[in-house]
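Note that the sequence shown covers residues 495 to 859 in the numbering used here. The beta carbon of each residue, even a glycine, is placed where N, CA and C say it ideally should be. Heads up: the structure comes next, in structure tokens.
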Amino acid sequence: MLLTGFDCKALWVLFLYKPLKEHRLLQAIARTNRPYEEVKEFGLIVDYVGVAKNLEEALKQFEGSFVREAKLIIRDLSASEKEFEKCIKELKGMLSGIKVRGIEDVDKAVEHLIINKKEKEFEEKAKKLRRLYELLSPCETTYKHLETYKFIVCISVMLNRYRKIGMRLDEIERMARKTYRLIQKTIGVEKIEKVGEIEIDKELSKLEKEREPISAIRVLGEIQSRTIGYRSDFYVSLRDEIEKIYEEMQEKRKVTKEVIEKIRRIQQKLEERKTEKKRLKEIFPVYEAMKDYLKDEKQIRKISTEIMEELKKNELLDKESFLKARQRKRIRAIVRKNLIKNFGLTPEVNEMERKIFVNLEEEYG
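Put into structure tokens, the structure is as follows:
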């Protein structure tokens with residue numbers, strides 16, 4: 495079926511039980527091994543009849559560089575088992591001194607990695623380990639390291655929650671099904687989801703009393719999660735501030751009074767923005783972008799209202815308008831026309847137009 499036009503993208507495993515040669519062999523393997531959306535990263539070819547020998551002959555029809563790359567993925571599973579064990583050893587080494595006996599110890603491991611600037615390296619190795627586990631499991635090698643593996647996955651999930659590094663649980667469910675089933679069976683997905691859940695004000699009070707890095711990491715992670723997906727200057731600058739705080743904690747290897755004050759200021763900025771948005775209502779996206787260029791609040795309100803009224807009149811304040819190139823141009827044209835009418839052709843007009851459009855897209859797009 496694979497050779498006569500049949501194409502099942504989600505096909506995960508191909509069992510070869512009769513000889514295939516040349517393009518027919520390559521075609522069958524390629525259709526199994528290709529990634530599929532967010533469901534499949536690779537396929538598994540199980541060779542029962544020694545077809546791998548024919549594969550080398552088939553590959554000779556292609557350029558040398560392609561052949562060298564292709565040969566890297568043709569291997570005995572024992573090589574992958576050794577690689578799995580090597581990965582486990584390296585990841586355990588990165589957690590030296592930290593004993594993870596249960597889900598309650600995961601935050602200690604996360605704190606250790608972040609303070610020692612090892613979180614990105616850890617996640618790169620954890621990602622490789624996940625792929626190997628999906629390829630090999632079930633087998634004796636993966637079984638030996640199940641306890642270690644499941645907590646490495648939990649640490650990776652928490653790194654995603656706090657630092658946006660690693661995989662979310664829903665991504666693991668789609669792309670690493672064996673791993674997801676293991677976590678669900680041994681720990682429980684609900685338990686992992688509850689780790690790191692906080693109330694910012696309570697956690698900030700705890701941080702001020704105890705000055706534990708993990709409290710700072712939790713608060714920063716929660717704040718950062720509220721900025722993801724936003725492109726306006728406000729949120730970009732907030733993310734930059736968060737990164738600088740992490741750098742300061744990593745450099746001093748502790749939470750200082752200055753760090754706590756900076757975290758408080760970031761939280762205060764978010765609250766002030768929330769209050770301002772509630773006060774200004776629909777004109778907020780335009781008003782917020784213009785306030786750095788004008789001091790007269792009445793004039794800012796007037797211009798903001800004019801722009802919003804014209805956009806509403808032209809029915810351009812909906813998600814669909816921000817998805818279509820033609821409509822996006824119309825929105826920008828209306829914004830620009832009103833800015834030029836009030837400011838003339840000044841250098842600031844281009845920057846104001848950009849900021850207003852980004853704010854509008856965040857609100858309505």
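query                                                                                                                      : result
Per-residue DSSP class, three states only, for L788                                                                        : coil
Presumed contact (8 Å Cβ cut-off) between G690 and Y643, rounded CB distance                                               : Contact doesn't hold; Cβ gap of about 20 Å is too wide.
Entirely enclosed alpha helix (DSSP H) segments - the segment 615-653, minimum 4 residues                                  : 634-638
For I708, the three-state DSSP class (helix, strand or coil)                                                               : helix
Coil, strand or helix - R689 by DSSP                                                                                       : Checking the sequence, you will find Val at residue 689 rather than Arg. Note: V689 maps to coil in three-state DSSP.
Nonlocal neighbours in the same chain, by C-beta distance under 8 Å from I592, ignoring five residues either side          : D599, K602, A603 and H606
Sub-8 Å separation of I582 and L623 beta-carbons                                                                           : yes
Pair within 8 Å by beta-carbon distance, A783 and N853                                                                     : yes
Cβ separation of R830 and E847, assumed to be a contact under 8 Å, to the nearest whole Å                                  : 5 Å
Alpha carbon of G544 to alpha carbon of F645, nearest angstrom                                                             : 38 Å
Separation of L640 from V683, as counted between CA atoms                                                                  : 16 Å
Residue of L805, A524, I739 and L732 minimising C-alpha distance to I609                                                   : I739
For I828 and N808, believed in contact at Cβ under 8 Å, the rounded distance                                               : 7 Å
Opening and closing residue of the alpha helix (DSSP H) in which V594 lies                                                 : V594 -> no alpha helix (DSSP H), and no H or E assigned at all.
Nearest to L764 (by Cα), restricted to the options D786, Y787, A620 and V713                                               : V713
Collapsed DSSP secondary structure at L811 in the structure displayed                                                      : coil
Exposure label - L817; buried when at least 16 CB within 10 Å                                                              : exposed
Contact under 8 Å by Cβ, L698 with I757                                                                                    : yes
Which of helix, strand or coil DSSP assigns to V507                                                                        : strand
Chain-order list of residues whose beta-carbon lies under 7 Å from that of Y787 (same chain, five-residue window excluded) : E842 and M846
Beta-carbon proximity check, L653 vs K619, cutoff 8 Å                                                                      : no
The segment 704-724 in contact with the segment 663-683 per 3-pair CB rule at 8 Å                                          : no
Per DSSP, cross-strand counterpart(s) of I539                                                                              : L508
Distance between K796 and D790 (C-alpha atoms, nearest Å)                                                                  : 10 Å
Distance CB(L626)-CB(L571) smaller than 8 Å                                                                                : no
Beta-carbon proximity check, F834 vs L805, cutoff 8 Å                                                                      : According to the sequence provided, residue 834 is Ile. The question's Phe does not apply to it. Contact flag unset, no.
Contacting residues, own chain, Cβ-Cβ under 7 Å from K700 (five flanking each side not counted)                            : S709
Proximity below 8 Å, CB of K672 to CB of E628                                                                              : yes
Beta carbon of A522 nearer than 8 Å to that of L508                                                                        : yes
Y740, enclosing alpha helix (DSSP H) - first and last residue                                                              : D727 to K746
Secondary structure of T498, DSSP reduced to three states                                                                  : Low per-residue confidence applies at T498: pLDDT is 48, beneath 50, and the placement is therefore not dependable, though the value from the model is reported in the following sentence. In the structure shown, T498 sits in coil (DSSP, three-state: anything other than H, G, I, E or B).
Own chain partners of Q718 with C-beta closer than 6 Å, once the 5 adjacent residues on each side are dropped              : I736
N- and C-terminal bounds of the alpha helix (DSSP H) containing K583                                                       : L571 to M588
Pair within 8 Å by beta-carbon distance, F578 and T636                                                                     : yes
Rounded straight-line distance, which links the Cα of L663 to that of K785                                                 : 41 Å
Under 8 Å between C-beta atoms of M743 and V730                                                                            : no
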